[in-house]
Amino acid sequence: MIYVAYIFMIIGCFFAFAGTVGVLRMPDAYCRMQSSTNIATLGTLGALLGGFIFSLTLKNTSMALKILFIAIFIIITNPVAGHAICKAAYKSGVKAEKLTCDDYGRDFPNE
1 MIYVAYIFMI IGCFFAFAGT VGVLRMPDAY CRMQSSTNIA TLGTLGALLG GFIFSLTLKN
61 TSMALKILFI AIFIIITNPV AGHAICKAAY KSGVKAEKLT CDDYGRDFPN E
């Protein structure tokens, strides 16, 4: 069971690395924001899931519950925070390079 925990930790590290490469290679702020939320969500959740399985293997239920609550908090807050930051960037005038659909524009009709 401990090897399954290691596999999930490696998966989390892979998503963190892939997201970091995405942040460095993406053309504009919105694409970079998408990559950074992947780091914060998928990378962290992989590591937390590995830690959760690892703590259950050690029969440490208090640590497993703490990790579970942290994972739930991350699942709820990271997408909302990423959306709020992107909306604030749009409102402050940060333009995308290749914008094909402007759904935020209807939220700010006076601009």
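The UniProt record's numbering puts the first residue of the sequence shown at 1, with every later residue one more than the last.
Cβ atoms here follow ideal geometry from the backbone N, Cα and C, with glycine treated the same way.
* Boundaries (first-last residue) of the alpha helix (DSSP H) holding K87 -> T61 to K91
* Is the Cβ-Cβ distance between A5 and I53 less than 9 Å? -> yes
* In angstroms, rounded to a whole number, what distance separates the CA positions of K91 and I74? -> 25 Å
* By a C-beta neighbour count over all protein chains shown, 10 Å radius and 16 as the cutoff for buried, is L24 buried or exposed? -> L24 is classed as exposed because its beta carbon has fewer than 16 other beta carbons within 10 Å across all chains shown.
* Asked: What three-state label does DSSP hand M26 in the structure shown?
  -> coil
* Asked: By how many angstroms is the C-alpha of M33 removed from the C-alpha of C86?
  -> Spanning the alpha carbons of C86 and M33 requires a straight line of approximately 7 Å.
* Taking the Cβ atom as the reference point for each residue, do L48 and A71 lie within a distance shorter than 9 Å? -> yes
* How about G46 and F14: do their beta carbons lie closer than 9 Å? -> yes
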